Each structure stands twice: as C-alpha cells, then as structure tokens.
Amino acid sequence: MEYAALVSVYERLEATSGTQEKTDILAAALADADEATLGTLALLVRGRVFPNWDSTTLGVSSSLVTDAVVDATGVPAERIEDWWREAGDLGDAAAEAVREKSQATLASRTLTVASVHETLEELAGYEGSGSQDRKVKTVAGLVGSADPAEARWVVRTVLGAMRLGVGEGILRDAIAQAFLD
Numbered sequence: 001m002e003y004a005a006l007v008s009v010y011e012r013l014e015a016t017s018g019t020q021e022k023t024d025i026l027a028a029a030l031a032d033a034d035e036a037t038l039g040t041l042a043l044l045v046r047g048r049v050f051p052n053w054d055s056t057t058l059g060v061s062s063s064l065v066t067d068a069v070v071d072a073t074g075v076p077a078e079r080i081e082d083w084w085r086e087a088g089d090l091g092d093a094a095a096e097a098v099r100e101k102s103q104a105t106l107a108s109r110t111l112t113v114a115s116v117h118e119t120l121e122e123l124a125g126y127e128g129s130g131s132q133d134r135k136v137k138t139v140a141g142l143v144g145s146a147d148p149a150e151a152r153w154v155v156r157t158v159l160g161a162m163r164l165g166v167g168e169g170i171l172r173d174a175i176a177q178a179f180l181d
C-alpha cells in the first residue's frame with residue numbers, strides 16, 4: 001500500500017469529528033488493505049510504531065525532527081520554527097518546508113506504508129555513539145522522499161502526535177465493521 005493512500009485516510013479522519021464517520025472511514029481503509037499491511041495500518045492510525053505491550057520508543061525529539069527537516073529540505077531552522085509557531089504543529093511546518101523544496105526538486109522515491117514502518121522500527125534501534133546523527137539522517141530520508149502531505153504525517157507519526165481522534169474504541173469498532181459485518 002502506498003503511503004499516499006494512508007495519508008488520504010489520515011486527512012479524511014482529521015477532517016471528521018463524528019465517531020461513526022471516523023469508524024466508517026477507518027473500516028473502509030482496513031477492508032481495502034492487503035493482509036500484510038493490516039497490523040501496521042492499525043498501529044499507524046493510532047500514531048504508534050509498536051504494539052501497546054511493547055515499550056520500545058523512537059527516542060526522537062522535536063529538535064531532532066527539526067534538524068532532519070532542515071537536512072532534507074535545506075530550509076533554515078529559523079524558518080521551520082516560525083512555521084511551527086504559526087501552525088502549532090511541526091508536521092505542518094515540515095509540509096511547508098517540503099513544499100518549498102519541491103518547487104526545485106522531486107521526491108526521490110515512492111513511500112509505502114511498509115517502508116515507512118520498517119524505517120521507523122530501525123530508527124528505534126539506534127543506540128550509542130552517533131545514534132542521534134543516524135536518527136536525523138533516517139528521518140531526513142523519509143521527509144526528503146515525501147511530498148508535503150506525506151511529510152506532515154511522517155513527522156506526526158515520528159512524534160506520536162497524530163491528532164486524529166482515533167482511540168482504541170474507534171479502531172475496535174472499525175475492525176468489527178470491516179471484517180464481521
């Protein structure tokens with residue numbers, strides 16, 4: 001599944017306030033997803049990379065993400081921080097930076113749900129000397145391959161700040177609706 005398709009689901013969920021409508025949107029996405037993507041999709045819509053029982057964290061701060069966006073786009077940190085202050089969301093600031101960069105270049109590869117998830121799993125394993133630099137480069141790689149909308153959601157996922165209003169109850173109901181109705 002291409003990451004752009006998941007981004008479309010994210011945007012529809014974000015634009016919706018009703019619980020049943022969110023459930024319907026998510027149920028449709030789950031029903032359309034291939035079997036290999038289902039578990040990952042269920043994690044990512046909740047802003048998680050690992051299941052609840054797994055205590056692994058990404059260990060990525062807003063400052064590290066800002067550095068990664070600077071590396072990926074060449075936009076100065078001060079400008080990204082200004083956009084962040086205006087929007088109140090580092091994901092929105094990343095989208096602006098990618099939008100500005102993409103006027104000059106195109107994204108280097110198509111992101112998939114699997115490739116984004118696998119990259120984030122790898123990111124969590126970086127430890128020791130040089131790990132922060134590796135994390136910056138890894139996040140920069142994702143942002144640099146993303147279009148503006150994808151960059152927004154990559155950053156939100158990395159920070160665990162999805163702002164979708166999808167809790168366990170909506171996810172449970174969407175799974176039931178997608179596969180038991």
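Quick note: the sequence shown, position 3, residue 3 per this note's numbering, numbers continuous. The beta-carbon is built from N, C-alpha and C at its ideal position, and this holds for glycine as well. Because the structure is a prediction, the values reported are computed rather than measured.
Residues L44, G47, V49, V116 and L120 of the same chain have their beta carbon placed closer than 8 angstroms to that of T157, with the five preceding and five following residues left out of the count.
DSSP, read as helix, strand or coil, puts E81 in helix. I175 sits away from L6, with the two beta carbons spaced by 8 angstroms or more. DSSP places T112 in the strand class (E or B) of the three-state scheme.
By the criterion of a C-beta distance shorter than 6 angstroms, P148 is surrounded in its chain by A95, V98 and R99, once the five residues flanking it on both sides are discounted. Inclusion of L26 and L38 in the CB contact set at 8 angstroms is not warranted, their separation being larger than that value.
Distance between G169 and K22, taken at the CA atoms: about 11 angstroms. Taking the Cβ atoms as the reference, V113 lies roughly 7 angstroms from L41, within the contact range of under 8 angstroms.
Restricting attention to E86, D32, E2 and A124, the CA atom closest to the CA of D54 is found in A124. Beta-carbon to beta-carbon, D71 and A140 are separated by about 4 angstroms, close enough to satisfy the 8 angstroms threshold. Closest by C-alpha distance to V65, out of G167, L159 and Q177, is L159. Taking a 10 Å sphere around the C-beta of A36, we find fewer than 16 other C-beta atoms and assign the residue as exposed. With 16 or more neighbouring CB atoms inside 10 Å of its own CB, S145 falls in the buried class. Between Y10 and W153, the alpha-carbon positions lie close to 8 angstroms from each other.
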